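**Q**
Residue numbers (this note's numbering), protein chains in the order written: chain G, 1 to 139; chain Z, 1001 to 1642; chain L, 2001 to 2180.
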């Protein structure tokens, strides 16, 4: 029985002081990283922005879906700026100013991004164009 | 000795494939001397592959550690089921499984296929052998599963514990079998182009393979989505990650192909479309494999990255697809235009289906490759969920509109006014649902509203094709179609409900404190340590109340060592109308003894996967119908009354 | 898609698409992938910040300290980061060659920073502590270690991602000279 207690105690210790301290350091998580804004409309806007921003330290996840410390910092920043009354698009631009277009999961509708956004419509037209010969007019 | 037998069988099987290919080449200039050998060679090749795969399985069963693959992927103490699953739970073994299923399919075609003419059959087997040869070369030259290890170790390295999951043991082979089915469709299509026999007989021969492949892909994607949902711990069920897209694209192509091949089989129309889709579906399955293995795109699921093998698969993919599309460009002109039809007809509906699915496929492909293309220009950009959702959702909704009406239309030509009551009915249901949600639930996005509205209409529309039929006399494929379309409605309902009505609560709780999410009151009762094989965890005990009902959830935050990794094990409480999803994180550094708790209420989220399974079930019913109703030998013009 | 003569070009479209995708894929395989996330702040003024000292006996760091007319290096490090230990001798070498170096410690504890400095030396003039990574975010920095070249007027001139190795020392000194 004694060894079991010892084991549990050591596990608790291991778990409570995560090895994170080796891989990612330790520091306080910013307050707003994991706290919702009290205004539901603001929280919703913030959530949308967070889902559209790419985590810097992980592979292809959004900052809303990541446990990385940097993602936490970015979430807190997004919520803070929303709470300060900043528009979602301005926040996205703020992030792009720091990390480049890469940080946004949603390319701008300009330049090369224009082609990306026009693609659905162009493809639909191409499909219709290819299909038009199949149909017979009513006789 | 067993390993050497397996390797020898593999070499011999490759030789058989070569023989079939050479026989096929002589076929191009009329009947050659080798032509009669093609069929027997296909049978022998299948048998040899069974021997080879069985050998590898035996080696894993006895844990023969003198074989490199066994030593590096198994362990003497592993449970039997994981030992056996270890056969294909690695690159070499999965490729051997792939080529074995491919060869067995060839043997099955050689043995059973009676609907198409001998020339096309032989050509199909030759193309099939050509595809197999590439994979044989891949196995024998760069991924030999039977390589010996000298000296043999005593224990074996074991499989990555994260991958020791029964779901993961069966997920990749499910997708692979789907891909193999698509390669069979590819072989049929190329052969039919070469012999000029693109017609109903060819379509009937190809259809069961497409259907079978599609069932496996549907199950594979559904399972993969659920896995990501409970495993990644963020409540999402589709992340538009390159690896997910790689599995979605072949499915989209196969779905379009499945519909157009039916038109070709029944009505002898859409000939070039069908061929084209068969080629695209196969190309997408290879592209998917390449994207997963090569690591050229950044993915959350980067388990199996190996650039060298990626290049091999790329070379194979480029060779097969460019040859096939070359044949397409030069030969499809000789394929006569199919039977004509009017725009308002069953065929017209299926053309709409094909266009919408192809457009979605193209969007996914473009979005996935866009960052790579931008990189060649020196731009670093990301294309993620916001783009994919916005770009594909409208097309998917158009697809659903087409689906409301399409299945009840007559072949060849129909009048919309014949169906005006249904049309008005569906419109009324959709409009009423949409307006009701928009009016009474604030803040729901436009896509979830439209998705819910259309899925309700579709849930009814799906059953209309059974109207006026004697149920006992109704062919199974009709039931299959109805079930599959209903399944789609169920799945879309789940997606729309989840994305429009989910509630999220992020909070930090000390034991004894409570939080609220939707109608649930959730109390953090206790936090305690748990020990696993190679991890330690903290486990939260949450008590969730809704009315007088009380439930216990136990999410964990696990700390793995070797390799050091932290994972969240979500706890799910499933109710008929949704799931309560709870995650606990490591203690808050702010240091007041609280624990990070994330709670979601996801209404009807399980419908997403139930719907997916229903879709697959519909496919299975349809396949049964196709397999057990022996069709009379198709006379040249019989299709007209089918 | 029939076989109409006027649309034969469409038949070649799939082949063209395959060729394009093949080209892209080959490019992806051949050209080594740049996994680093570069800061878009290069060429711009430092953001405003004021960080407390990272441990006892060192000075904290604010953006004004970095804009005192003299070009300098700004090193982002942490005691828990292994490459930071590897680059310590080269920071020392840079300092010996006349570079002035300030630093920001990320998610670190004062006692850990002190132990790190005791073991690997202290080439830094000032060390600010960025516990919440807030300044790191403002700088567009994505990890540790990173080293910035800062102009005398507080402009970010260059970002070096990853640990400094022997071959980077002359390059960084050159950048500092250019900044004069």
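Built from N, CA and C at the ideal position, the CB exists for glycine as well. As the structure is a prediction and not an experimental result, all values here were calculated from the model.
Helix, strand or coil for residue 65 of chain G? Go by DSSP, reduced to three states.
**A** Here residue 65 of chain G is taken as the residue at index 65 of the first chain, counted from 1. In this structure, residue 65 of chain G counts as helix in the three-state DSSP scheme.
**Q** Buried or exposed for residue 1428 of chain Z, please, with buried defined as at least 16 other CB atoms from any protein chain shown within 10 angstroms of its CB.
**A** Your numbering for residue 1428 of chain Z matches position 428 in the second chain. So residue 1428 of chain Z counts as exposed.
**Q** Given a threshold of 16 other Cβ atoms within 10 Å of its Cβ, counted over all protein chains shown, does residue 1638 of chain Z qualify as buried or as exposed?
**A** Looking up residue 1638 of chain Z in the second chain gives position 638. With a pLDDT of only 39 at residue 1638 of chain Z, under the threshold of 50, the placement of this residue in the model should not be trusted, and no figure is reported.
**Q** Could you tell me whether the Cβ atoms of residue 2014 of chain L and residue 2076 of chain L are closer together than 8 Å?
**A** Working through the third chain from its first residue, we reach residue 2014 of chain L at position 14. Working through the third chain from its first residue, we reach residue 2076 of chain L at position 76. No, the pair does not count as a contact, with Cβ atoms beyond the cut-off.
**Q** Buried or exposed for residue 1414 of chain Z, going by 16 or more other Cβ atoms inside 10 Å?
**A** For the purposes of this step, residue 1414 of chain Z is identified with residue 414 of the second chain, where counting begins at 1. The residue is buried, with at least 16 neighbouring Cβ atoms inside 10 Å.
**Q** Rounding to the nearest angstrom, what Cα-Cα distance links residue 1530 of chain Z and residue 1537 of chain Z in this structure?
**A** Walking along the second chain from the start, residue 1530 of chain Z turns up at place 530. Walking along the second chain from the start, residue 1537 of chain Z turns up at place 537. Roughly 5 Å separates the two Cα atoms.
**Q** If I'm right that residue 1092 of chain Z touches residue 1145 of chain Z with Cβ under 8 Å, what's the distance once you round it to whole angstroms?
**A** In the second chain, residue 1092 of chain Z corresponds to position 92, counting from 1. In the second chain, residue 1145 of chain Z corresponds to position 145, counting from 1. Yes, they are in contact, since the Cβ atoms of residue 1092 of chain Z and residue 1145 of chain Z sit about 4 Å apart, within 8 Å.
**Q** Just to confirm, is the Cβ distance from residue 1278 of chain Z to residue 1352 of chain Z under 8 Å?
**A** Working through the second chain from its first residue, we reach residue 1278 of chain Z at position 278. Working through the second chain from its first residue, we reach residue 1352 of chain Z at position 352. It is not a contact, given that the beta carbons lie outside the stated cut-off.
**Q** Closer than 7 Å by C-beta to residue 1385 of chain Z: which residues in its own chain qualify, once you throw out the five before and the five after it? Chain order, please.
**A** Here residue 1385 of chain Z refers to the residue found at position 385 of the second chain. Around residue 1385 of chain Z: 1239, 1240.
**Q** Mark residue 129 of chain G as exposed unless 16 or more other C-beta atoms lie within 10 angstroms of its C-beta, in which case mark it buried.
**A** On the first chain, residue 129 of chain G is found 129 positions in, with the first residue counted as 1. Burial call: exposed.
**Q** Looking at the structure shown, is residue 1331 of chain Z part of a helix, part of a strand, or coil, going by DSSP?
**A** The count along the second chain starts at 1 and reaches residue 1331 of chain Z at position 331. Residue 1331 of chain Z falls in the helix class under three-state DSSP.
**Q** Does the separation of the CB atoms of residue 92 of chain G and residue 52 of chain G fall below 8 Å?
**A** The sequence position of residue 92 of chain G within the first chain is 92, counting from 1. The sequence position of residue 52 of chain G within the first chain is 52, counting from 1. Yes, these two residues count as a Cβ contact at 8 Å.
**Q** Counting C-beta neighbours from all protein chains within 10 Å, is the total for residue 1555 of chain Z 16 or more, i.e. buried, or is it exposed?
**A** Position 555 of the second chain, counted from the start, is the residue given in the question as residue 1555 of chain Z. So residue 1555 of chain Z counts as buried.
**Q** Scan the stretch 2058-2116 of chain L and note each continuous alpha helix (DSSP H) run of 4 residues or more that stays entirely inside, going in chain order.
**A** Listed in chain order, the complete alpha helix (DSSP H) runs (minimum 4 residues) inside the stretch 2058-2116 of chain L are 2082-2096.
**Q** Would residue 78 of chain G count as contacting chain Z if we go by Cβ distances under 8 Å?
**A** By one-based count along the first chain, residue 78 of chain G stands at place 78. Taking Cβ atoms only, chain Z never reaches closer than 8 Å to residue 78 of chain G, which makes this a no.
**Q** Distance check for residue 1283 of chain Z and residue 2010 of chain L, CA to CA, integer angstroms please.
**A** Position 10 of the third chain, counting from 1, holds the residue named residue 2010 of chain L. Position 283 of the second chain, counting from 1, holds the residue named residue 1283 of chain Z. Each residue's Cα considered, the two are about 18 Å apart.
**Q** Give me the Cα-Cα distance between residue 1063 of chain Z and residue 1083 of chain Z, rounded to the nearest whole angstrom.
**A** What you label residue 1063 of chain Z is simply residue 63 of the second chain in a count that begins at 1. What you label residue 1083 of chain Z is simply residue 83 of the second chain in a count that begins at 1. Each residue's alpha carbon lies about 8 Å from the other.
**Q** Quick one: which chain G residues come within Cβ less than 7 Å of residue 2041 of chain L?
**A** Numbered from its first residue, the third chain carries residue 2041 of chain L at position 41. By Cβ distance, chain G contributes 98.
**Q** What ranges does the beta strand (DSSP E) occupy inside the stretch 1534-1602 of chain Z, keeping only unbroken runs of at least 3 residues that lie completely in it?
**A** Listed in chain order, the complete beta strand (DSSP E) runs (minimum 3 residues) inside the stretch 1534-1602 of chain Z are 1535-1546, 1549-1553, 1556-1560, 1565-1569, 1571-1575, 1578-1587.
**Q** Do you know offhand how far residue 105 of chain G's Cα is from residue 1179 of chain Z's?
**A** Locating residue 105 of chain G in the first chain gives position 105, where the first residue counts as 1. Locating residue 1179 of chain Z in the second chain gives position 179, where the first residue counts as 1. Taking the straight line joining both Cα atoms gives about 30 Å.
**Q** From the beta carbon of residue 2134 of chain L, is the nearest beta carbon of chain G less than 8 Å away?
**A** Here residue 2134 of chain L refers to the residue found at position 134 of the third chain. Chain G contact via Cβ: present.
**Q** Can you give the Cα-Cα distance for residue 2119 of chain L and residue 2057 of chain L, rounded to whole angstroms?
**A** To locate residue 2119 of chain L, count along the third chain from 1; it is residue 119. To locate residue 2057 of chain L, count along the third chain from 1; it is residue 57. If you take the alpha carbons of residue 2119 of chain L and residue 2057 of chain L, they lie about 16 Å apart.
**Q** Do the CB positions of residue 1198 of chain Z and residue 1192 of chain Z come within less than 8 Å of each other?
**A** One-based indexing of the second chain puts residue 1198 of chain Z at position 198. One-based indexing of the second chain puts residue 1192 of chain Z at position 192. Yes, Cβ-Cβ distance for residue 1198 of chain Z and residue 1192 of chain Z is below 8 Å.
**Q** When you compare the CB of residue 107 of chain G with every CB in chain Z, is at least one pair closer than 8 Å?
**A** Taking the first chain and counting its residues from 1, the one referred to as residue 107 of chain G is at position 107. Interface residue, yes.
**Q** Can you tell me which of Z:1073, Z:1218, Z:1042, Z:1048 puts its alpha carbon nearest to the alpha carbon of residue 1060 of chain Z?
**A** Here residue 1060 of chain Z refers to the residue found at position 60 of the second chain. Checked all of Z:1073, Z:1218, Z:1042, Z:1048; the closest Cα to residue 1060 of chain Z is Z:1073.
**Q** Residues in the stretch 2138-2151 of chain L with C-beta within 9 Å of chain G's C-beta atoms, listed in sequence order?
**A** So the close ones are 2138, 2139, 2140, 2141, 2142, 2143, 2144.
**Q** Go to residue 1105 of chain Z, then tell me how far its alpha helix (DSSP H) extends in each direction, as first and last residue.
**A** Looking up residue 1105 of chain Z in the second chain gives position 105. Looking at the DSSP string, the run of the alpha helix (DSSP H) that includes residue 1105 of chain Z is 1091-1112.
**Q** What residues of chain Z sit near residue 2027 of chain L, judged by a beta carbon separation below 7 Å?
**A** Stepping through the third chain from its first residue, residue 2027 of chain L is reached at position 27. Ordered by position in chain Z, the residues that pass the 7 Å Cβ test against residue 2027 of chain L are 1376.
**Q** Any C-beta of chain L within less than 7 Å: which residues of the stretch 45-79 of chain G qualify?
**A** Listed by position, the residues of the stretch 45-79 of chain G near chain L (Cβ gap below 7 Å) are 56, 57, 69, 70, 73, 74, 77.
**Q** Pairs of beta-carbons, one from the stretch 1603-1614 of chain Z and one from the stretch 1469-1482 of chain Z, closer than 8 Å: are there three or more?
**A** Short answer: they don't touch.
**Q** Residue 2050 of chain L and residue 2062 of chain L: beta carbons closer than 8 Å?
**A** Your numbering for residue 2050 of chain L matches position 50 in the third chain. Your numbering for residue 2062 of chain L matches position 62 in the third chain. In this structure, residue 2062 of chain L lies closer than 8 Å to residue 2050 of chain L by Cβ.
**Q** Mapping the DSSP letters down to three states, classify residue 21 of chain G as helix, strand or coil.
**A** Translated into positions along the first chain, residue 21 of chain G becomes position 21. Residue placement at residue 21 of chain G is poorly supported in this model, since its pLDDT is 38, which falls under 50; the coordinates are not used for a value here.
**Q** Within 10 angstroms of the Cβ of residue 1237 of chain Z, are there 16 or more other Cβ atoms? Answer buried if so, exposed if not.
**A** Numbered from 1 along the second chain, position 237 holds the residue referred to as residue 1237 of chain Z. So residue 1237 of chain Z ends up on the buried side.
**Q** Residue 1324 of chain Z and residue 1135 of chain Z - do their beta-carbons sit closer together than 8 Å?
**A** Start at 1 with the first residue of the second chain, and residue 1135 of chain Z comes out as number 135. Start at 1 with the first residue of the second chain, and residue 1324 of chain Z comes out as number 324. The answer is no: Cβ separation not under 8 Å.
**Q** Just checking: is the beta-carbon of residue 2076 of chain L within a distance shorter than 8 Å of some beta-carbon in chain G?
**A** Walking along the third chain from the start, residue 2076 of chain L turns up at place 76. Chain G contact via Cβ: absent.
**Q** At least one CB of chain G closer than 8 Å to the CB of residue 2010 of chain L: is that the case?
**A** Against the third chain, residue 2010 of chain L aligns to sequence position 10. Chain G, which has a Cβ nearer than 8 Å to the Cβ of residue 2010 of chain L, makes this yes.
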